[in-house]
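In full-length UniProt numbering, the protein residues as written are 1 to 842.
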C-alpha cells in the first residue's frame, strides 16, 4: 500500500525538531529566557521539552493533511512490549443490538431521538460486524493472577490453567485466560478529537495503566467521526460496557462485577466516559465503581478562557482541530447538496425494494434562537466579545451580532463530531449537563492545556451541582435532566491540576516526573473505588448482574448455582491460608508504619499508628513498585506526593472519603498542595451568559483561520468538489440504470407469469439487513457527514453497488437469500478478511 504522506512528513521533521529543541533548551537555561511558552517543566526536563515540540509540530502538520490520512496514521499497527499480554477480539453485534434500546431510552425515547439526533437506526449502521477490542494486561500481573487462581482451585481438577511460555515472544492471538477474571478492570476509551486515534496509538500508556493497577484494561476502537458522528461512539462504548457485565454466549470472560470496573478515557475519550456514565445513570443500568477522566473534552462550544490563553503552553494548534486539508470526507456537503444526496439515496432504496413510507415528521423542539449580544462585565483574562447561543435544531447556521453591529455568519459545520445545533447537548458537552448521581470521579487536568478551565468547572459542577445549574437548553435537548436534581445528589470528585503540563500528561508525556506521579494517583484511585483485595478469594461467578429489562433464563440460574457450588472448595482453601495471611498483614503493618513515619512526613505519627492493616496489603496498588519509598525522586520530608493513599482515609470507616471533593495542585516534582479556593478560580466564576454560548473571539478565530486554509487549499477544494460532483453523476446514472432494470424485470414477470424468485415489490424491511432499514424509515435524517447518508464517497458508492448487483440477471438474480448474503458480505469483516487486511497493512 502507498506510504502515508503524513508519516513521511513527520519522519523528515523529527530530527530537525529534536536538534533545534536541544539547542534552544540549553540556551534558554543559560539566558533564563522569559518566553511565555517556556515553563518550569520544560526547563527541568529536556525530554518533556523535546516531546512537547514534536507533538505540537505533529498536530500542526496533521491539520495540513486530510482526515483520511490522519486516521490511517493513527491506526497504524504497533507491536506490543514483551512484558504485555494482549488478547484481541471483536464485540459481537448482539451487544450492539442490546445497547441500542438503552441509548434510545437515555436520549428521551424514539420520537425525541429522531428529532434531536436524526433517528434511531442510522447510528446503528457500521462497516464492521461488531467492535474491535483488546484485553491488555501486564504479563507479570497475569502470572501472579494465574498463581492465585491455581491456589484457589487447588482442590479442583488440575490443568485448568494452561501453561505459558515466559521466555517466548508475545503472542497477540492468545486466548483469554480464566485467571484474568480475578483482576481489576478498566474500560478505556482513547482520545483523538473523536475523529482519529486508536488503541494501537495509545498502547504503551494503556499497558502502563494496567500494570499500575495490577489489573486488566479493556480498550475498544469505537467508530470515528465524521463518518460516524454523535452518538455512534457512545453506542459503541455502551455496547462494550454491556459486553463486560453481561457477556454473550461464547465470550471467554465471566461477567464482571460493575463495582470492579472503572470507566476511563483521555481527551475525547474522557468526554465519552462522562457521556457513558450519564447514559448508565439515566437508563438505570448498573453503575461502575468510578471514572478516571484524563484531560476530558467537556465543552465543545469553546466558552472558557483557557481555550484562548493557553495555546502557547499546549500542543494543540491555535486554530483547533476542525480545520483540515479538504477531502471527500471533510468538510461535508453543504445543505443543498446534502438534501439532494439524501433524498436521492432514499428514493433509490425505496425503488429497489418497492417500499413506501410516509414523509419524515417535521416536528422539532422549539429552542430559543434569539441572537444575544452581551458583553461580559466579569473580569476575564481575555476579551471574548459578544456571545450567541448554539443554533436551534435543524438550523445549523451560526449568526452573531458584535458590539459594533457587525454580523458574523458561520454556515459550515464547526466540529467533526457533531452538527452545530448539538454542540450544547449534555452528552456532547458534559460541562453543560447535570453530573450528580455519578460514581466517584478522578479529574486529571494540566495547568498549561487549553481545556484546563472547562475541566476545573466540570469537576466542581459534579461535586456541587446545586451551585452550578444546568444550562437552559440542556433539559430540552436531553429529557432525563428534567427534575434530575431531586433524584441525585452530588458526586464524589477528586480533582488534580498538574503544574506546567500540557494536554493528556500521562498519555503523551508518560516518561516525565509528574506523569509518573499521575499514574500512581490514578492507580490509587482505582484501588480505592473498586475495593478489591487481590490477595483474598475473589467472588466471581457466571451469573449476570441485575440489568433492567433483562431476564435470566433457567439455564443461567442453574449455571449460577453450579458456580456457587464450585466456589465452596475455594472458601475452604482460603480458610487454610487465613493464618498465614494474618501473619503477613501484621508484618506489613509494621513495615508500613515505618514507611509512613519516614517517607511521608506530612502524615501525623498518631494517624499512622491508627492505620488499619487490612487496607495496606503487600499487593497494594502497583505492588512493591508502588510503596511510598519507591518514588522517582528523593522524598522531601514534610511533603505529600500525588498517589498517596492517605488522601482517601478517614477516621470514619463508613465514609472514608471526607467531603464531596478533593482539590489538589501537583507540582512538577509530584508534590501536592491545596488548589486555590473556588472564589479565586476563573473557571468557577464565569458569567452565565458565557458558559455554553459561542463567543465572538472563538468565531473570529475560526473564520480567520478558515480563510487561510481556503487560500492555501483553493485548488485542492476545487478538485474535491469536481470529484464529488462526478461521483454524484455516476450515482445518478446507476439509479437510472437500476430503474430500467427494475422495469424490465416487472414487465418480464407479467409476460411469463409468476416467478419463483422474490421480486423487489415483495421484499419487506424484515428481509433486509439493518444497514438498509434506516433508508426505508421516513423519519430518519442522518447528519450530512455520516457515511450512510452520502453517495459522493468511495464507501457510499460501494453501498449503492450492492443493490445494483442484486438486480443483475444470471448469477446475480434477485432473491431474498442472495440479497441478504450480498449485504452481509459487504458489512461483515470475516476473520479471514480481517487477517488478510491486517497482513496487507503491515
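Glycine included, each C-beta is placed from N, C-alpha and C at the ideal position.
For residue i and residue j, what's the separation of their Cα atoms in angstroms?
| i | j | result |
| --- | --- | --- |
| residue 331 | residue 785 | 8 Å |
| residue 438 | residue 491 | 5 Å |
| residue 682 | residue 433 | 19 Å |
| residue 847 | residue 454 | No statement about residue 847 is possible, as the shown extent of the chain runs from 1 to 842 and does not include it. |
| residue 688 | residue 695 | 13 Å |
| residue 323 | residue 701 | 11 Å |
| residue 481 | residue 468 | 14 Å |
| residue 686 | residue 500 | 23 Å |
| residue 708 | residue 511 | 36 Å |
| residue 528 | residue 399 | 48 Å |
| residue 23 | residue 277 | 46 Å |
| residue 7 | residue 267 | 23 Å |
| residue 136 | residue 85 | 6 Å |
| residue 68 | residue 307 | 26 Å |
| residue 462 | residue 264 | 16 Å |
| residue 859 | residue 684 | In the structure as shown, the chain begins at 1 and stops at 842. Residue 859 is therefore absent and cannot be evaluated. |
| residue 221 | residue 637 | 44 Å |
| residue 608 | residue 521 | Residue placement at residue 608 is flagged as unreliable, the pLDDT there being 35, under the threshold of 50; a coordinate-derived value is accordingly withheld. |
| residue 78 | residue 200 | 6 Å |
| residue 676 | residue 494 | 14 Å |
| residue 646 | residue 333 | 55 Å |
| residue 505 | residue 673 | 18 Å |
| residue 41 | residue 294 | 19 Å |
| residue 555 | residue 246 | Confidence at residue 555 is low in this model, with a pLDDT of 42, below 50, so its placement is unreliable and the value that follows should be read with caution. Distance between the alpha carbons of residue 555 and residue 246 is about 15 Å. |
| residue 561 | residue 175 | Annotation note: pLDDT 43 at residue 561 (below 50); position unreliable, coordinate value reported separately. Distance between the alpha carbons of residue 561 and residue 175 is about 26 Å. |
| residue 389 | residue 420 | 11 Å |
| residue 691 | residue 116 | 21 Å |
| residue 321 | residue 194 | 10 Å |
| residue 720 | residue 313 | 35 Å |
| residue 791 | residue 728 | 6 Å |
| residue 782 | residue 124 | 11 Å |
| residue 296 | residue 177 | 32 Å |
| residue 472 | residue 693 | 11 Å |
Pull up the DSSP beta-bridge partners for residue i, would you.
| i | result |
| --- | --- |
| residue 513 | Looking at the DSSP assignment, residue 513 forms no beta bridge with any residue, so it has no partner. |
| residue 132 | 90 and 221 |
| residue 291 | 263 and 441 |
| residue 85 | 137 |
| residue 674 | 664 |
| residue 6 | In DSSP, residue 6 forms no bridge with anything. |
| residue 790 | Partner(s): none; residue 790 has no beta bridge. |
| residue 388 | 694 |
| residue 641 | 671 |
Could you check whether residue j and residue i sit closer than 9 Å to each other, using their CB atoms as the reference points?
| i | j | result |
| --- | --- | --- |
| residue 648 | residue 670 | no |
| residue 83 | residue 147 | no |
| residue 279 | residue 113 | no |
| residue 666 | residue 526 | no |
| residue 196 | residue 237 | no |
| residue 228 | residue 95 | no |
| residue 502 | residue 448 | yes |
| residue 477 | residue 425 | yes |
| residue 514 | residue 289 | no |
| residue 317 | residue 382 | no |
| residue 435 | residue 428 | no |
Tell me the residue span of the beta strand (DSSP E) that contains residue i.
| i | result |
| --- | --- |
| residue 496 | 493–498 |
| residue 664 | 661–666 |
| residue 687 | Unbroken run through residue 687: none, as it is neither H nor E. |
| residue 401 | 398–401 |
| residue 186 | 185–189 |
What is the residue span of the alpha helix (DSSP H) that residue i lies within?
| i | result |
| --- | --- |
| residue 455 | 452–463 |
| residue 309 | 306–309 |
| residue 281 | 268–282 |
| residue 407 | First-last for residue 407: 407–410, but that is the beta strand (DSSP E), not the alpha helix (DSSP H). |
| residue 418 | Run containing residue 418: none; DSSP gives neither H nor E here. |
| residue 705 | 696–712 |
Confirm the yes/no value for this check: CB of residue i, any heavy atom of the ligand PLP, distance under 8 Å.
| i | result |
| --- | --- |
| residue 381 | The ligand PLP is not part of this structure, which contains no ligands at all. |
Pairing CB atoms from the region 404–416 with CB atoms from the region 258–273, are three or more of them under 8 Å?
no
Does the region 192–207 come close enough to the region 281–293 that 3 or more CB-CB pairs lie under 8 Å?
no
Whether or not the region 49–62 and the region 185–193 are in contact is what I'm after, with contact meaning three or more pairs of Cβ atoms, one per stretch, closer than 8 Å; do they touch?
no
With a cut-off of 8 Å, do at least 3 Cβ pairs link the region 86–101 to the region 124–135?
yes
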